[in-house]
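Quick note: the sequence shown uses our numbering, first residue 770, plus one each step. Contents: one structure, followed by commentary.
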Amino acid sequence: MIYLHIFWVFFMTNLLGYGGGPATIPLIQKEVVDGYGWMTVQEFNEAFAMGNALPGPIATKMGGYIGFQEGGYLGAILAVFATVAPSLILMITLMGILYKNRTSPRVKRMTAYVKPTIAVLLGVMAFQAFSDSYFQMSMVHILVLAAGSYWLMEKVKLHPGLVVLSSLIYGAVLLS
770 MIYLHIFWVF
780 FMTNLLGYGG
790 GPATIPLIQK
800 EVVDGYGWMT
810 VQEFNEAFAM
820 GNALPGPIAT
830 KMGGYIGFQE
840 GGYLGAILAV
850 FATVAPSLIL
860 MITLMGILYK
870 NRTSPRVKRM
880 TAYVKPTIAV
890 LLGVMAFQAF
900 SDSYFQMSMV
910 HILVLAAGSY
920 WLMEKVKLHP
930 GLVVLSSLIY
940 GAVLLS
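Here it is as structure tokens:
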């Protein structure tokens with residue numbers, strides 16, 4: 770039964786998560802943390818941070834990791850397949866329709882309305898991650914990580930993946 774749940778969670782969240790991987794992460798979090806209780810918010814945020822540090826689509830990496838944790842190798846395979854299946858099916862079906870109607874004002878309005886929704890979902894998730902961090906570690910650590918990340922990315926021009934890795938090392942050394 771766990772395999773059916775894994776498939777269903779990742780299939781439905783990626784079917785409903787219009788806007789790509791970042792738009793599906795809050796939906797996955799809702800199901801994995803609140804719906805099934807497979808992870809805590811902190812575990813989910815740690816998996817999300819690690820997934821951001823690795824190359825490739827974030828939703829697929831999250832699916833593989835969570836699927837493996839809950840169902841082993843078969844769970845990982847099912848979660849990854851369920852993550853990409855809705856996009857594959859819908860892309861093949863809808864691209865023909867959208868291409869035929871690409872100049873339609875309705876299609877242009879539809880895409881314009883979706884962008885703010887994605888921004889709100891990402892903002893809510895960022896606020897939740899910040900509030901969890903605030904209650905689990907001191908504000909000093911948050912400010913050091915924020916200022917250090919800003920300095921490394923903007924002034925030193927360090928790749929964001931390396932900044933995330935350095936933050937993980939900071940947390941492992943100073944916060945464990």
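Even glycine gets a Cβ: it sits at the ideal position worked out from N, Cα and C.
Around the CB of residue 811, fewer than 16 other CB atoms lie within 10 Å, so the residue is classed as exposed. The DSSP-derived three-state label of residue 809 is coil. Restricting attention to 909, 919, 927, 923, the CA atom closest to the CA of residue 940 is found in 909. If you look at residue 901, you'll find it in the alpha helix (DSSP H) that goes 874–905. Residue environment: residue 923 is assigned as exposed (fewer than 16 neighbouring CB atoms within 10 Å of its CB, all protein chains considered). Residue range 771–785 is occupied by the alpha helix (DSSP H) that includes residue 777. For residue 803 and residue 781, the gap between their C-alpha atoms comes out near 15 Å. In summary, residue 870 is exposed, with fewer than 16 beta-carbon neighbours lying within 10 Å of its beta-carbon over all protein chains present. Listed in chain order, the non-local C-beta contacts of residue 853 below 8 Å within the same chain comprise 783, 829, local neighbours out to five positions each way being set aside.
By the Cβ criterion, the region 928–939 is in contact with the region 815–823, since at least three pairs of Cβ atoms, one from each stretch, lie closer than 8 Å. By the C-beta criterion, the region 786–803 is judged to be in contact with the region 893–908, since at least 3 inter-stretch pairs fall below 8 Å.
Residue 858 sits exposed, since fewer than 16 C-beta atoms from the chains shown fall within 10 Å of its C-beta. In this structure, residue 844 lies near residue 771, with their beta-carbon atoms less than 8 Å apart.
Residue 787 and residue 849 have their alpha carbons spaced roughly 17 Å apart.
Of all alpha-carbon atoms in 777, 874, 904, 815, the one lying nearest the alpha-carbon of residue 938 is that of 815.
Assignment of residue 830 by DSSP, reduced to helix, strand and coil, places it in the helix class. In summary, residue 904 is exposed, with fewer than 16 beta-carbon neighbours lying within 10 Å of its beta-carbon over all protein chains present.
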